[in-house]
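Take a look at the structure set out below.
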Amino acid sequence: MQILCSIPEMQAVNYPAGSKVGFVPTMGYLHEGHLSLVDAAVKSSDLVVVSIFVNPAQFAPSEDLDSYPRDFDRDLALLEKRKVDYVFFPTADEMYPPGYKTWVEVEGISHILCGNTRPEHFKGVSTVVLKLLNIVRPQSMYMGEKDFQQLTVLQRMTQDLNLGVDIIGCPIIREEDGLAKSSRNLYLKGKEREQATCLYKALTNSQKLVAAGELAAEKIIAAAEQLILDSLVKVDYIKIVDGRDLSEVQDIDEHSRMLIAAWVGKPRLIDNMSLKA
Ligand code: AMP
Numbered sequence: 000m001q002i003l004c005s006i007p008e009m010q011a012v013n014y015p016a017g018s019k020v021g022f023v024p025t026m027g028y029l030h031e032g033h034l035s036l037v038d039a040a041v042k043s044s045d046l047v048v049v050s051i052f053v054n055p056a057q058f059a060p061s062e063d064l065d066s067y068p069r070d071f072d073r074d075l076a077l078l079e080k081r082k083v084d085y086v087f088f089p090t091a092d093e094m095y096p097p098g099y100k101t102w103v104e105v106e107g108i109s110h111i112l113c114g115n116t117r118p119e120h121f122k123g124v125s126t127v128v129l130k131l132l133n134i135v136r137p138q139s140m141y142m143g144e145k146d147f148q149q150l151t152v153l154q155r156m157t158q159d160l161n162l163g164v165d166i167i168g169c170p171i172i173r174e175e176d177g178l179a180k181s182s183r184n185l186y187l188k189g190k191e192r193e194q195a196t197c198l199y200k201a202l203t204n205s206q207k208l209v210a211a212g213e214l215a216a217e218k219i220i221a222a223a224e225q226l227i228l229d230s231l232v233k234v235d236y237i238k239i240v241d242g243r244d245l246s247e248v249q250d251i252d253e254h255s256r257m258l259i260a261a262w263v264g265k266p267r268l269i270d271n272m273s274l275k276a
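Read in numbering that gives the first Met the number 0, the sequence shown has 91 at position 92, and its numbers run on one by one without any break.
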């Protein structure tokens, strides 16, 4: 496994002609969610590149950029075991040098849902991913459905800008009690860890309501909201959208997906699930 800490080093990698390069962008502090993407990439690619970059451009000044968990040595040890070929670990100064001025924005869908509370977030995500794709030059990029809006925004960007990269969405990996794995779960203190399971409970309860024949989005959302409020967790949003374009839906069909964001104490957690009617 080669570790490349600068953009020119990564750009200089000469992939053998015809080899299929799979790419997994991450912010590090790897857990089984990230590693499931790496496994999917290893399975379907000739060569695998994983990037570790805590992207300042996707954090608002009030957010947790400085305290975001980092453990590069541990991450490398985990990737070593998984047949990763290259780890790209650039610095923020190199990615955004003085005078940096170019941003990519996927309009509309970047400003709903998480984009309401984090207005600059997806601009930062789209920009860094476009830069990473230009530097790494993969055929496929593996991303988690955990960040469903991010996945949709980046699918739109790669299509709109004719990047010719396949975006592969991978299922959410969860703890035994259903909590979606996340680097930020580390912030959950004391009883917050138990309270945090209410997102999963609200999603699975919504699935059950749909299976029992309830198709009115409004009623399903009200039940989910009640369940979350009963756990004393503060809701940011609960929406049911068409998973193809994130438009809100009134009546559930096979494309419907519930997306939730909520503050469990200080940490803000997100989760989502298909509600197939
Ligand atoms: P991050 O390091 O949080 O930027 O995440 C890097 C990638 O891992 C993104 O594509 C995430 O959607 C994905 N990911 C994070 N958590 C999970 C999870 N629990 N299950 C599946 N994928 C995940």
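Quick reminder that beta carbons are idealized off the backbone N, C-alpha and C, glycines included.
Quick caveat, the model's predicted, so the values are computed rather than measured.
Taking only the alpha-carbon atoms, compute the straight-line gap between residue i and residue j and give it to the nearest angstrom.
i	j	result
Met142	Arg173	15 Å
Glu191	Ile220	22 Å
Lys42	Tyr28	22 Å
Ala216	Gln149	23 Å
Val248	Asp241	6 Å
Ile251	Lys145	21 Å
Tyr95	Asn133	15 Å
Gly212	Leu78	44 Å
Ala56	Ile237	26 Å
Gly107	Phe22	27 Å
Leu46	Ile171	24 Å
Ser273	Lys218	16 Å
Ala59	Asp92	17 Å
Arg73	Asp165	29 Å
Leu214	Ser255	10 Å
Asp229	Arg117	26 Å
Gly189	His30	21 Å
Leu278	Lys275	Because the chain is modelled from 0 through 276, residue 278 falls outside the range shown and cannot be assessed.
Thr101	His120	15 Å
For residue i, is the classification buried or exposed, using 16 other Cβ atoms within 10 angstroms of its Cβ as the cut-off for buried?
i	result
Gln10	exposed
Asn115	exposed
Ser5	exposed
Thr54	The residue asked about is misnamed: residue 54 is Asn in this sequence, not Thr. Classification of Asn54: buried, given that the 10 Å Cβ count is 16 or more.
Pro278	The requested residue 278 is not part of the displayed model; the chain covers only 0 to 276.
Ala16	exposed
Ile2	exposed
Leu299	Past the edges of the chain, shown from 0 to 276, lies residue 299, and the structure says nothing about it.
Leu36	buried
Thr151	buried
Leu187	buried
Excluding the 5 residues preceding and the 5 following residue i in the sequence, name in chain order all residues of the same chain whose CB lies nearer than 7 Å to its CB.
i	result
Val128	Pro24, Leu153
Ala39	Tyr141, Ile167, Cys169
Leu34	Leu77, Arg81
His329	Residue 329 falls outside the range modelled here, since the chain spans only 0 to 276, and no answer is possible.
Arg243	His254
Are the C-beta atoms of residue i and some chain C residue less than 9 Å apart?
i	result
Ser35	Structure shown: chain C not included; a single protein chain is present.
To which residues of the same chain is residue i closer than 8 Å at the C-beta, ignoring the five residues directly before and after it?
i	result
Leu112	Gln148, Tyr236, Lys238, Val240, Leu245, Leu258, Ala260
Met156	Val103, Val105, Ser125, Val128, Leu129, Leu162
Met0	Leu75, Leu78, Glu79, Val83, Asp84, Tyr85, Val86
Gly32	Gly143, Lys145, Ile171, Ile172, Ala179, Lys180, Ser181
Phe71	Gly27, Ile51, Phe88
Can you list, in chain order, the residues of its chain with a C-beta nearer than 6 Å to that of residue i? Leave out the 5 residues immediately preceding and following it.
i	result
Glu104	Lys122
Ala223	Ala201, Ser205, Ile237
Lys19	Ser44, Asp45, Gln138
Ser182	Tyr28, Pro68
Val232	Gln194, Cys197, Ala261, Val263
Cβ contact check for the stretch 44-56 and the stretch 78-86: 3 or more pairs under 8 Å: yes
Validate contact between the stretch 251-268 and the stretch 192-211 using beta carbons, cut 8 Å, 3 pairs: yes
The stretch 71-85 in contact with the stretch 174-193 per 3-pair CB rule at 8 Å: no
Complete runs of the alpha helix (DSSP H) confined to the stretch 97-162 [at least 4 residues]: 113-116, 120-135, 147-159
Every unbroken beta strand (DSSP E) within the stretch 207-269, with a cutoff of 3 residues, ordered by chain: 233-241, 255-262
Secondary structure, alpha helix (DSSP H): runs of 4+ residues fully inside the stretch 48-105: 71-79, 91-94
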